[in-house]
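Below: one structure, written as structure tokens.
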Amino acid sequence: MSILFAEHPEAHQQLLPLTYTRPIANLRVGILTIAEKWARRFDSVDFGFDTLPYL
Numbered sequence: 003m004s005i006l007f008a009e010h011p012e013a014h015q016q017l018l019p020l021t022y023t024r025p026i027a028n029l030r031v032g033i034l035t036i037a038e039k040w041a042r043r044f045d046s047v048d049f050g051f052d053t054l055p056y057l
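Here it is, written out as structure tokens:
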């Protein structure tokens, strides 16, 4: 199963400067990123991002 992380542009703007060079799901929360936590939860290895074009 694949996971697609879609983010809203307004949410991306609210988290600047942390999200200036990476998607929200690539932010670290503890030792893992948000994407890694969701991948572990659903036993998935494949995940992608639907974010701003420049990322």
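In this text, residue positions in the sequence shown follow my numbering: the first is 3, and each later residue adds one. For glycine and all other residues, C-beta sits at the position ideal for the given N, C-alpha and C.
- prompt: Is it right to say I26 is buried, meaning 16 or more other beta carbons lie within 10 angstroms of its own, or is it exposed?
  reply: Looking up residue 26 in the sequence shown gives position 24. The residue in question, I26, is buried, as its Cβ has 16 or more Cβ neighbours within 10 Å.
- prompt: In whole angstroms, what separates the C-alpha of E12 from that of I5?
  reply: Taking the sequence shown and counting its residues from 1, one reaches residue 12 at position 10. Taking the sequence shown and counting its residues from 1, one reaches residue 5 at position 3. Approximately 21 Å between the Cα atoms of the pair.
message: Check whether chain D comes within 9 Å of G32, counting only Cβ atoms and requiring the distance to be less than that.
response: In summary, chain D is missing from the structure at hand, where a single protein chain is found.
task: Look at the alpha carbon of H14 and the alpha carbon of N28, and state the distance between them as a whole number of angstroms.
output: On the sequence shown, position 12 is the one that residue 14 refers to. On the sequence shown, position 26 is the one that residue 28 refers to. The C-alpha of N28 is placed about 12 Å away from the C-alpha of H14.
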